[in-house]
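K.L.:
Below you'll find the structure I mean.
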Amino acid sequence: MTSHNSSSPTNPGHGENPTHRADPASPLFGRRSLLRGALAVAGVAALPALSACSSSKSGGGSEASNAVSFGSNAAVPEPKGAYQTLFAAAKKATGLDINVNWVDHNTFQQNITTYLQGNPQDVFNWFAGERMQYFAGQGLVSNVNDVWDKIGGSYTDAMKAQSKGSDGNYYFVPFDYYPWAVFYSKSLWASKGYTAPTTWDEYIALAKKMKADGLIPIAFTDKDGWPAMGTFDYLNMRMNGYEFHINLMRTGQGWNTSKVSAVFDQWRQLIPYYSPGFLGLTWQEGANQILNKQAGMMVLGLDQIGTIFTGSNADDLGFFAFPEIDPANGQDSVEAPIDGFMVAKSPKNAAGATKLLEYLGTAAAQQLWLGSNPADIATASGVDTSKYTKPQTAAISLINSAKHLSQFMDRDTLPSFADPVMLPAIQKFLSSPGEASSILSNIDAQAKTIWATNG
Amino acid sequence: MAVTTLSQPAARPRRRRLKRYTKRDRAALTLMGGVPLLLSLAFVWLPALATVALSFFNWTGIGGFSDMKPAGVNNYRIIFSIYPEFPPAIEHNLLWLVVFFVIPAPFGLFLAHQLNKQLRGSRVYQSILFLPVVLSLALVGFMTELVFSPTQGLVNNLTGHAGQHNLIDWLGDPSLNIWAVLIMACWRQTGYVMILFLAGLKSVDPSLQEAASLDGANEWQSFRHVVWPALRPINIVVVVVTVIESLRAFDIVYIINQGTNGLELLSTLITANIIGETSRIGFGSALATILLAISLAFVLPYVYTTFRKDTRS
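Residue numbers (the numbering used here), protein chains in the order written: chain A, 10 to 464; chain B, 6 to 318.
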């Protein structure tokens, strides 16, 4: 066909032979009509897609005043089911229809900037700490002072402090949280006669003993990079105090100081007791070393290890507070990341959002959501603790004994610093501990540029 | 159609070349050329140029254009001076490229040549070797974890290195893990290259080889002087595919540890800085611009030589 066109270019189909003329014309038309058809089909296919897109966006808001939209980061079955139960109960209690947009946890987190500037749901899942204050400071969320007028009575001062932005307004309603601590298997410890250390020397002595007993003294796993941050946070808070730690996290200033380099020196003492190949292992593999009694103890969050010690194993999970290093600080700080809710900048149903949060801030709602979940505890006081497992009860007393709550490195500092800079830097330190000083001066240089530009 | 063709001869002497095509033809050509052109401009070149422009700004991704602060070449200065992940990332991307040229390319050709000999059950072999290509790279990443996990992985358990004292940390040792990843990447790439070469070999006229062997050429000689020259067009495709696959390497390492601790690649650094709760759009764009420059350094000479050869012939 192409050859026909180019060989007699001036009069395609103008030949003397009628069959010659008809022949190329019909496939030509055939192809064109096919093309036209394809275009039409594509157009038709695109239209509903587009309209679906726009309708789902506007559907994200709530037309009726008794509906509140909710952006959830809990698309996986385990917390999703609990939320569905909770929202059904919320409808009974408040009369609100809750339209939920379920999103995968990490996707939700990574897209939060775009999400909040686009068409966010009225209420959405988020975290306390710098992570909350940053978005409050950018004006991307509404304050929830109204909600706190009502729920304030059932929260501790530490919890209130974690819910405020730097301007003193409330931006966050806490829901559930969990402590980081040193976890172990109670039955293993009972059989070996170990007791919980409270000071650094006892901690190292215990690790030595465990090594002699053929155990991995400290299950430690950092393939994913973030679990090691918990150990850094505790070392820094125990050695340099909470104020120093939070300042370091919030301002990014002071990384290249002797105080921080002392933290890494201290950390170096632990590395010989860590799981072999720890940079290639996930926290699940580490927690299983505890469960299977291959390892003695592990610094982790209850939210993580609680999902490994389930059912009949739940009460076998024991823990102690990260040991004291400097008596001046004792064990006064607990790392206890708080999950909860925030309200978008311009919610379609502000009154409904407030009403929903007032309900979610009650002990009853939180208890309902927790159900038989042994990995978290409720943030409101007045929860029926008889339904808690032993680790949950112990978690409450650990947190209540704390003077300060920290949130975890990636929640207490700028996210653009935590994951891109600190995560690989700590991994680098763990694989070549001798290079701590050059790693720290590099962290310092990068921190300066990131805080200087905030972007 | 009849009307347009009848009106044409009058204008023929003056604008001969243009009038070769009817209005319909021209409309169709404009549409066929214009739509892809517009699409590639809108979805490839505009974003690429925007990325280059963004690399000279600092921006968190919050707010509009007014919130971008001009940064000059500062982002590039940071990358080349104090960004510790950058040198290993460049190194790994180039290592990836070299390994892909040294292992899967020749080995794929070897396999294709063997399969082309009409062995019994060659279709079965072909399917087995091609199977990894069907798997997504993300899946290959999961398989890498299953095979190389230090305590639970296949390799360490088969060779007795999963214990506490003699453990080989395939995924966590920063000098070792890139090789574990490359083994899996080569496993997949070999099948891909093989199928490309096999398609090329099928198009080589067997009578040429027959003639060569009648003339007394041994297998190597007939391959070297008959088959290899005929494969030239396929070779170019393989070169391009190899370059593309090694520069866009991402999925396997991202599944394993998001591209840190010995698995840094340019693509993972870009993601780490741009995709996140608070992004460094300018910094990430500068990294992307560097990747673009490297890609162009490979692609432009290729495009230049192919087009020159085409116009010559």
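Here a beta-carbon is modelled for each residue, glycine too, at the ideal position from N, C-alpha and C. Treat the numbers as computed from the prediction; the structure is a model and nothing was measured.
Could you have a look at A:H413 and say whether DSSP puts it in helix, strand or coil?
P.N.:
Note: A:H413 maps to strand in three-state DSSP.
K.L.:
Name the chain B residues whose beta carbon is nearer than 9 Å to that of A:Y368?
P.N.:
Within 9 Å Cβ-Cβ: nothing; A:Y368 doesn't reach chain B, min ~27 Å.
K.L.:
Between which two residues does the alpha helix (DSSP H) containing B:F91 stretch?
P.N.:
Looking at the DSSP string, the run of the alpha helix (DSSP H) that includes B:F91 is F91 to V107.
K.L.:
Do you know how far the Cα of B:W233 is from the Cα of A:K115?
P.N.:
First, the residue type needs correcting, since residue 115 of chain A is Asn and not Lys in the sequence shown. About 49 Å.
K.L.:
By how many angstroms is the C-alpha of A:P188 removed from the C-alpha of A:V50?
P.N.:
With a pLDDT of 42 at A:V50, under the threshold of 50, the modelled position of this residue cannot be trusted; read the value that follows with caution. Distance between the alpha carbons of A:V50 and A:P188: 56 Å.
K.L.:
Taking Cβ positions only, does B:A5 come closer than 7 Å to chain A?
P.N.:
Within the shown structure, residues of chain B are numbered from 6 to 318, placing residue 5 of chain B beyond reach of any answer.
K.L.:
Against chain D, with Cβ distances strictly below 7 Å, would B:N262 count as a contact?
P.N.:
Among the protein chains in the structure shown, which are A and B, there is no chain D.
K.L.:
Under 8 Å between beta-carbons, which chain B residues line up against A:F133? List them in chain order, please.
P.N.:
In chain order: nothing, as chain B lies at least about 13 Å away.
K.L.:
Using a threshold of 7 Å, state whether the C-beta atoms of A:R420 and A:I334 are closer than that.
P.N.:
No, the Cβ-Cβ distance between A:R420 and A:I334 is not below 7 Å.
K.L.:
Just tell me which of A:V272, A:Q262, A:A445 and A:A76 has its CA closest to the CA of A:W209.
P.N.:
Looking at the Cα atoms, A:V272 is the closest of the given residues.
K.L.:
Can you check whether the CB of A:T230 is closer than 7 Å to the CB of A:G482?
P.N.:
Any question about residue 482 of chain A goes unanswered here, given that chain A covers just 10 to 464.
K.L.:
For B:F228 versus B:G113, is the C-beta spacing smaller than 7 Å?
P.N.:
Result no, Cβ atoms of B:F228 and B:G113 do not sit closer than 7 Å.
K.L.:
Give the single residue among A:I448, A:M431 and A:T462 whose Cα lies nearest to the Cα of A:D233.
P.N.:
Closest by alpha carbon: A:M431.
K.L.:
Taking just the CA atoms, how far does A:L125 sit from A:N154?
P.N.:
Distance between the alpha carbons of A:N154 and A:L125 is about 20 Å.
K.L.:
Write down every uninterrupted run of the alpha helix (DSSP H) in the segment 246-284 of chain B whose length is 4 residues or greater and which is fully enclosed by it, in chain order.
P.N.:
List check, alpha helix (DSSP H) in window: 256-262 and 271-279.
K.L.:
Is the beta carbon of B:V248 sitting closer than 7 Å to the one on B:F303?
P.N.:
Yes, the Cβ-Cβ distance between B:V248 and B:F303 is below 7 Å.
K.L.:
If you scan the segment 138-188 of chain A from start to end, which runs of the beta strand (DSSP E) of 3 or more residues do you find wholly inside it?
P.N.:
Counting whole runs of 3 or more residues, the segment 138-188 of chain A contains the beta strand (DSSP E) stretches 182-186.
K.L.:
Do the segment 236-256 of chain A and the segment 432-442 of chain A meet, that is, are 3 or more Cβ pairs less than 8 Å apart?
P.N.:
Because the criterion of three Cβ pairs below 8 Å is met, the segment 236-256 of chain A and the segment 432-442 of chain A touch.
K.L.:
Are any of the Cβ atoms in chain B nearer than 7 Å to that of A:I213?
P.N.:
No, A:I213 lies away from the interface with chain B (no Cβ there is under 7 Å from its Cβ).
K.L.:
State yes or no: is the beta carbon of B:A277 nearer than 7 Å to at least one beta carbon in chain A?
P.N.:
Judged by the 7 Å Cβ criterion, B:A277 is in contact with chain A.
K.L.:
Determine the chain B residues that contact A:Q119 at a beta-carbon separation under 8 Å, and present them in chain order.
P.N.:
In chain order: I280, G281 and E282.
K.L.:
Please check the pair A:F318 and A:L300, which I expect to be a contact at CB under 8 Å, by giving their CB distance rounded to whole angstroms.
P.N.:
Confirmed, Cβ separation roughly 6 Å.
K.L.:
Put A:L326 into one of helix, strand or coil per three-state DSSP.
P.N.:
Three-state DSSP puts A:L326 in a strand.
K.L.:
When we look at the beta-carbon of A:K118 and count the other beta-carbons within 10 Å, is it buried (16 or more) or exposed?
P.N.:
It should be noted that the sequence gives Gln, not Lys, for residue 118 of chain A. A:Q118 should be labelled buried.
K.L.:
Based on the DSSP output, what are the partners of B:T311 in its beta bridges?
P.N.:
The partner list for B:T311 (beta bridge, DSSP) is empty, contrary to what the question assumes.
K.L.:
Could you tell me the distance, in whole angstroms, from the CA atom of B:I133 to the CA atom of B:F153?
P.N.:
Whole-angstrom Cα-Cα distance: 22 Å.
K.L.:
Which two residues bound the contiguous alpha helix (DSSP H) that contains A:D453?
P.N.:
From DSSP, the alpha helix (DSSP H) with A:D453 extends over A445 to T462.
K.L.:
Counting Cβ pairs closer than 8 Å, one from the segment 45-56 of chain B and one from the segment 259-277 of chain B, do we hit at least three?
P.N.:
Verdict: no, contact absent.
K.L.:
Quick one: Cα of A:I160 to Cα of A:G370, how far?
P.N.:
Straight-line Cα distance between these residues: approximately 6 Å.
K.L.:
Quick one: which residues of the segment 220-233 of chain A get their C-beta closer than 7 Å to a C-beta of chain B? List them in chain order.
P.N.:
Taking 7 Å as the Cβ-Cβ cut-off against chain B, the residues of the segment 220-233 of chain A that qualify are I225, K232 and D233.
K.L.:
Once DSSP output is grouped into helix, strand and coil, what is the label at B:A302?
P.N.:
Looking at B:A302 - three-state DSSP - the assignment turns out to be helix.
K.L.:
Report the residue ranges of all alpha helix (DSSP H) runs contained in full by the segment 342-385 of chain A; include only those spanning at least 4 residues, in chain order.
P.N.:
The segment 342-385 of chain A contains these whole alpha helix (DSSP H) runs: 359-369 and 372-379.
K.L.:
Name, please, each residue of chain B whose Cβ falls closer than 8 Å to the Cβ of A:A137.
P.N.:
Per Cβ cutoff of 8 Å: no residues; A:A137 is ~14 Å from chain B at best.
K.L.:
Looking at A:Y179 and A:K173, is the spacing between their C-beta atoms short of 7 Å?
P.N.:
Yes, the Cβ-Cβ distance between A:K173 and A:Y179 is below 7 Å.
K.L.:
Check whether chain B comes within 7 Å of A:G349, counting only Cβ atoms and requiring the distance to be less than that.
P.N.:
False, the Cβ-Cβ gap to chain B never drops below 7 Å.
K.L.:
Taking the alpha helix (DSSP H) that B:M3 belongs to, which residues open and close that run?
P.N.:
Residue 3 of chain B is absent from the model: chain B starts at 6 and stops at 318.
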